[in-house]
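Heads up, the thing below is written out as structure tokens.
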Amino acid sequence: MDRDRRPTLTDERQGDTIPRPLPPGWLEVDVHGVERPVLVGPAGVVVLVPRPRGSRSIGLADPSPWPDRRHRMSAPQMLAELTTQLIESRCGVRVVCTPVLVVVDDEPVQIDRPDHVDVVHERVLLRWLSHLPAELDQPTIDRIAAHAGEPLLRPAA
Numbered sequence: 043m044d045r046d047r048r049p050t051l052t053d054e055r056q057g058d059t060i061p062r063p064l065p066p067g068w069l070e071v072d073v074h075g076v077e078r079p080v081l082v083g084p085a086g087v088v089v090l091v092p093r094p095r096g097s098r099s100i101g102l103a104d105p106s107p108w109p110d111r112r113h114r115m116s117a118p119q120m121l122a123e124l125t126t127q128l129i130e131s132r133c134g135v136r137v138v139c140t141p142v143l144v145v146v147d148d149e150p151v152q153i154d155r156p157d158h159v160d161v162v163h164e165r166v167l168l169r170w171l172s173h174l175p176a177e178l179d180q181p182t183i184d185r186i187a188a189h190a191g192e193p194l195l196r197p198a199a
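Counted from 1, the sequence shown has number 50 at position 8 by the numbering used here; the numbering is strictly sequential.
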């Protein structure tokens with residue numbers, strides 16, 4: 043993969059990106075440090091995690107707690123937490139990023155995830171986004187869109 047190009051929702055399919063057009067009020071933002079598509083809109087911040095083509099299982103192998111009694115987070119949950127922290131530190135707004143596992147192939151999908159990550163097929167992603175309840179106002183969306191891509195550390199002058 044070209045190092046200067048951000049990964050898309052479906053890298054293995056040439057030319058594919060997030061379905062367009064996005065629902066009204068939704069924007070794709072480049073969050074510096076997050077290598078997955080991030081959307082911001084009236085319903086909040088969503089990070090899209092593609093389900094690898096041909097993968098059989100997308101649940102957690104072992105949902106038991108770690109020895110220190112903390113429940114572990116799945117990879118989509120960790121990515122959403124990282125995205126939340128980066129946006130909050132850059133934009134100065136409190137947000138909760140929602141991870142969404144996006145199924146990109148045509149296999150029938152019946153999934154029960156113990157980590158409560160939403161699973162959405164790419165064909166219904168836009169409709170799913172448009173039906174989420176509103177959480178952010180337009181000034182907050184604009185602020186996130188304007189500052190999410192800034193690096194945390196600026197180079198010394």
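Every residue gets a Cβ at the ideal spot worked out from N, C-alpha and C, and that includes glycine.
Taking 6 Å as the limit between beta carbons, can you name the residues of its chain near residue 182, skipping five residues before and five after? 135
Measuring only between beta-carbons, confirm whether residue 193 sits less than 8 Å from chain D. This model lacks chain D altogether; it includes just one protein chain.
Chain-order list of residues whose beta-carbon lies under 6 Å from that of residue 75 (same chain, five-residue window excluded): 128
Would you check if the distance between the CB atom of residue 78 and the CB atom of residue 89 is smaller than 8 Å? yes
Sequence-distant residues of the same chain with beta carbon closer than 6 Å to residue 131, five excluded per side: So no residue of the chain qualifies.
Pick from 167, 191, 66, 143 that is closest to residue 160, judged by C-alpha positions: 143
Whole-angstrom distance between residue 125 and residue 114, CA atom to CA atom: Across the structure, residue 114 and residue 125 are spaced so that their CA atoms are roughly 18 Å apart.
Check residue 123 in the structure and name its three-state DSSP category. helix
Write down the C-beta distance between residue 133 and residue 85 rounded to the nearest angstrom, noting that I regard them as a contact closer than 8 Å. Wrong, their Cβ atoms sit about 17 Å apart, outside the cutoff.
If we count the other Cβ atoms within 10 Å of its Cβ and call it buried at 16 or more, is residue 122 buried or exposed? buried
Assuming residue 61 and residue 172 are in contact, meaning their beta carbons sit under 8 Å apart, how far apart are those beta carbons, in whole angstroms? Their Cβ separation, rounded to whole angstroms, is 12 Å, which puts residue 61 and residue 172 out of contact at 8 Å.
Report the rounded CA-to-CA distance for residue 186 versus residue 82, giving the unit in angstroms. 8 Å
Let me know the secondary structure DSSP gives residue 177 once reduced to three states. In this structure, DSSP gives residue 177 a state outside helix and strand, which the three-state scheme calls coil.
Between residue 72 and residue 80, what straight-line distance do the alpha-carbon atoms span, to the nearest angstrom? So the two alpha carbons sit approximately 7 Å from each other.
What does the alpha-carbon distance come out to for the pair residue 166 and residue 176? Cα to Cα, the separation comes out at about 19 Å.
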